[in-house]
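Under numbering that gives the first Met the number 0, read the sequence shown as residues 0 to 232, first letter to last.
For each residue, glycine too, the CB sits at the ideal point set by N, CA and C.
Before any comments, here is the structure.
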Amino acid sequence: MKEILAEGFAELGLTPDERAFERYEKYCEYLEEKNKVMNLTAITGETEVARLHFLDSAALLKYVKTEGRKVIDVGTGAGFPGLAMKIAQPDMELTLLDSLNKRIAFLSETCELLELSGVLCIHARAEEAPPEFREGFDLAVSRAVSYLPQLCELCLPLVKVGGVFAAMKGPDCDEEVKASEEAIKKLGGKLIGVERYTVPGTDIRHGVVLVKKLFPTAKRYPRKWAQIKKQPL
Numbered sequence: 000m001k002e003i004l005a006e007g008f009a010e011l012g013l014t015p016d017e018r019a020f021e022r023y024e025k026y027c028e029y030l031e032e033k034n035k036v037m038n039l040t041a042i043t044g045e046t047e048v049a050r051l052h053f054l055d056s057a058a059l060l061k062y063v064k065t066e067g068r069k070v071i072d073v074g075t076g077a078g079f080p081g082l083a084m085k086i087a088q089p090d091m092e093l094t095l096l097d098s099l100n101k102r103i104a105f106l107s108e109t110c111e112l113l114e115l116s117g118v119l120c121i122h123a124r125a126e127e128a129p130p131e132f133r134e135g136f137d138l139a140v141s142r143a144v145s146y147l148p149q150l151c152e153l154c155l156p157l158v159k160v161g162g163v164f165a166a167m168k169g170p171d172c173d174e175e176v177k178a179s180e181e182a183i184k185k186l187g188g189k190l191i192g193v194e195r196y197t198v199p200g201t202d203i204r205h206g207v208v209l210v211k212k213l214f215p216t217a218k219r220y221p222r223k224w225a226q227i228k229k230q231p232l
């Protein structure tokens, strides 16, 4: 795994320390072990996890600043992209948010196993996040969670004015981006653009939608999930 990761990080222009490679290996082992009973991920095997989870997640570090920042990963699942980013760039204050408690338990155990500090694992839906989370983060990230207009309503209220929301999507996300224009505006944001990249060691292309928070989000957002789903902004 170390060789795959080292080559991938070099391709991304990133240089994690030696401790990071050890942590990725432990993370992979624990993920594989728990996945047998918890169905955490459909991606399995050392090579696939290294490329399609760890390197894909870490690719986001090319486009956002995390050092010394408060970061929230919304709908983190098994820790992607947030925890994989934290391993490569430990100097961030990370919150992992997920609606399924067993995933949060897995993430808490993983952070303890990896001896990672500065990580808060929270069991909650994004639209029901603790009040103190509102506009409390420099960066919100999310990977393959929901349709972009819905996702913007879940994530932008959590971002400080001047902060950024980064949504990891497939390469053909232009239609979603266009459909999100009104939502982004209503929520106090502005589309910066879409960055596209190839996952190292593969021919898989992904996109990152970047939105900057310009104004505070109106208190009426986010709405209840049923409303968000039924009537996207």
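Proximity of residue i and residue j at Cβ, strictly below 9 Å
i	j	result
Asp55	Thr75	no
Gly169	Lys211	no
Gln88	Pro15	yes
Thr201	Leu51	yes
Val73	Val163	no
Ala77	Phe53	no
Tyr220	Lys184	no
Leu157	Gly187	no
Option nearest residue i by Cα separation, candidates the options
i	options	result
Arg133	Glu92, Ile71, Ala104, Glu108	Ile71
Thr40	Lys61, Leu112, Phe79	Phe79
Lys218	Pro89, Glu181, Leu155	Leu155
Pro215	Lys189, Tyr196, Leu232	Lys189
Cys172	Asn34, Arg195, Lys35, Pro129	Arg195
Glu131	Gln149, Val36, Thr94, Asp90	Thr94
Leu115	Ser145, Lys229, Tyr26, Gln230	Tyr26
Buried/exposed call for residue i, threshold 16 Cβ in 10 Å
i	result
Thr46	exposed
Ala57	buried
Leu112	exposed
Lys33	buried
Residues near residue i by beta carbon distance below 8 Å, same chain, minus five either side
i	result
Cys110	Leu82, Val118, Cys120
Ser107	Cys120
Pro129	Ile121, Ala123
Lys254	The chain is shown from 0 up to 232; residue 254 falls before or after that span and cannot be answered.
Residues near residue i in its chain [Cβ-Cβ closer than 6 Å; skip 5 each side]
i	result
Lys69	Glu92, Phe136, Asp137
Ser179	Leu147, Pro148, Cys151
Val197	Checking the sequence shown, residue 197 turns out to be Thr, not Val. Answer for Thr197: Arg204, listed in chain order.
Distance between beta carbons of residue j and residue i, contact taken as under 8 Å
i	j	result
Ala143	Val207	Actually they are not in contact, since the Cβ atoms of Ala143 and Val207 sit about 12 Å apart, beyond 8 Å.
Leu153	Ala125	4 Å
Glu21	Met0	The Cβ separation is near 10 Å, so there is no contact.
Close Cβ partners of residue i (< 7 Å) along its chain, the five nearest in sequence each way excluded
i	result
Gly192	Leu209
Met84	Ser56, Ala57, Leu59, Leu60, Thr65
Tyr29	Thr109, Leu112
Val63	Leu138, Val163, Ala165
Leu13	Ala57, Leu60, Ala87
Near the ligand PLP: residue i beta-carbon under 8 Å from a heavy atom
i	result
Glu108	The ligand PLP is not part of the structure shown, which contains no ligands of any sort.
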